Each structure stands twice: as C-alpha cells, then as structure tokens.
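In our numbering, the protein residues as written are 496 to 777.
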C-alpha cells in the first residue's frame, strides 16, 4: 500500500490494544487483523505524546456520536472519508437499512477486503467500498454508488484533515456541506497549529515525514474553520474535557485562551438549513 495508507494500520493497532484491556472503552475484534505486523511496528515507531490514549478517546467519542446520529436522528447514509482500516461497519450496532460508504485509495480498500474476506457480513446493513483519490473529485463516484444528496448524511472525517494542506481542508469541508441535506451531521477531528510546531513532538513529526505521511494542517480555531465551510458547530471537545475523557487522558487540559499549546479537537457539527436551501437554489 501507499505510505500514507499504512497509518490506517497504525491506528488499528492502537484499537487492538484498547480492545485487549480489561477496562476497554470499546471492543474491536477485527483491529488486530487489519493492523497486521506493520501496524504494531508503526505504533512503536510513533510512540509518545499521548498517542495511544488519544486514539482510544477519539474512537470512543466518534463511536458514540455515530451511534447517536443513526439511532436518534434517523440518518441512514454514512460516509467515511479516508476510511482506512475502520471496522465500524462490522462492530457498531447499526439500525436496519443503513448504508455505509467507505471512501479511500484503491490499494488500501483492496488490502482491507483481503484481510476481512472471511468475516461474515452483518445482516440488515450494506457496505459500499468506493476507491477514490480524495484530492480529486469524488462526489460523482459516491453518487454512482447509490448515495442520495437529497437525504441526510453522516460524514465522518477521522484522522484525515492534518494530512492535507489548508486549501484542501477548506475545500473538502465545504464540499461536505454543499452536498448534504438538512439533518446531516459532520464528525471528525483536527489538531492545533501549535501541535505541528511543538518541539517535544519533533521526533514524532520527523518520523511521519520520513515515512511519507507528513502532518500539514492545524488550526487554533476549529469552530471558525467549520463555520466558514458551512457547518453549525454543535460541540468541540479536547481530550480530557467532559465528554472526551473516558478516564483515559493522562494530562492536564489548559484553557483554550492559553496560547501555543498543542491540542487535539474532536467535533460534531450540523448542517444549517439555510446553507442547503441556498445551494439548491443556485
């Protein structure tokens, strides 16, 4: 697989470690399979800075937000952008009638299919892998696969935005709001600019760059970014804050007004009705 795709196995290895804890926050019985040996090698290479507890928190936060969106809001279209080695289609309690679209590079989806070929498909739900390059136009391929732009959609952008330059981040998030109906939800994560420049993380950042996976984007104001791209922010949480702690975060959480602090942000957004009406009227 391409170098950037191997980071998906790195995060899968972290999910496997969490799954094997007695006090686990979630169970991902597929994580060790899709992580393969390379995932654990990368987990050791990129160790430090709270990466493992952060990945446990991020997975838990998004698991719960995804389940709430489909069960409480009735969304039946779920799209994972850069799905990687995500196994939520298999392991989450999806309501009947949900279609999960997984977008990622062809080589990664092929490798994932081979790894999971012997796993039985859960009943009552549909998984549609879509091989695309997310830096190119991908909405056409999604529509051809059966996705309906006039019905609410749950977009999930997990572990993606910091790999993209700022212009691509803004284009992507704006594309998601422009191709969504009222009732749609956006979930994801982003880091602060200070996290990219943190001297204590230099070894980690250099290792990512050497492996062809440099982190490129961060923002101190995720609310402003999401708002400018057409989304109404419901919440932004840092690991360790209420709603994003889960007894896993080992560090203090400085207030947002403290400058030059490396941060990670988890967010939940809704689509403002007026944005969709303006788009459809154009």
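C-beta atoms are modelled at their ideal positions from N, C-alpha and C, and glycine is treated no differently. These numbers were taken from a predicted model, which means no experiment stands behind them.
In the structure shown, residue 669 adopts helical secondary structure according to DSSP, grouped into three states. Secondary structure remark: continuous alpha helix (DSSP H) runs of at least 4 residues inside the stretch 580-633, in chain order: 583-586, 601-610. In this structure the stretch 730-739 does not lie against the stretch 669-683, because fewer than three pairs of beta carbons, one per stretch, are closer than 8 Å.
Judged by their CB atoms, residue 534 and residue 507 are nearer to each other than the 8 Å cut-off.
When DSSP states are grouped into helix, strand and coil, residue 516 belongs to the coil group. In the DSSP assignment, residue 764 is bridged to 681, 728. Distance from residue 576 to residue 651 at the Cβ level is roughly 7 Å; contact confirmed, criterion being Cβ atoms closer than 8 Å. Contact holds between the stretch 503-523 and the stretch 580-590, because three or more Cβ pairs, one in each stretch, are under 8 Å apart.
Considering only 595, 721, 638, the residue with the shortest C-alpha distance to residue 621 is 595.
Between the alpha carbons of residue 571 and residue 537 lies a gap of roughly 35 Å.
The three-state reading of DSSP puts residue 573 in strand, counting E and B together. With respect to the C-alpha of residue 590, the residue from 511, 746, 699, 617 having the closest C-alpha is 617. Counting only runs of 3+ residues, the beta strand (DSSP E) found wholly inside the stretch 687-757 occupies 727-732, in chain order.
Across the set 662, 599, 516, the C-alpha of 599 shows the shortest separation from the C-alpha of residue 629. Residue 557 holds the alpha-carbon nearest to the alpha-carbon of residue 649 among 752, 557, 530. Excluding residues up to 5 positions away in sequence, 702 lie with their Cβ nearer than 7 Å to the Cβ of residue 540 in the same chain. Pairing residue 668 with residue 726 gives a Cβ-Cβ distance under 8 Å.
Relative to the Cα of residue 578, the nearest Cα in the group 604, 612, 742 belongs to 604.
Assignment of beta-bridge partners to residue 650 by DSSP yields 574, 681.
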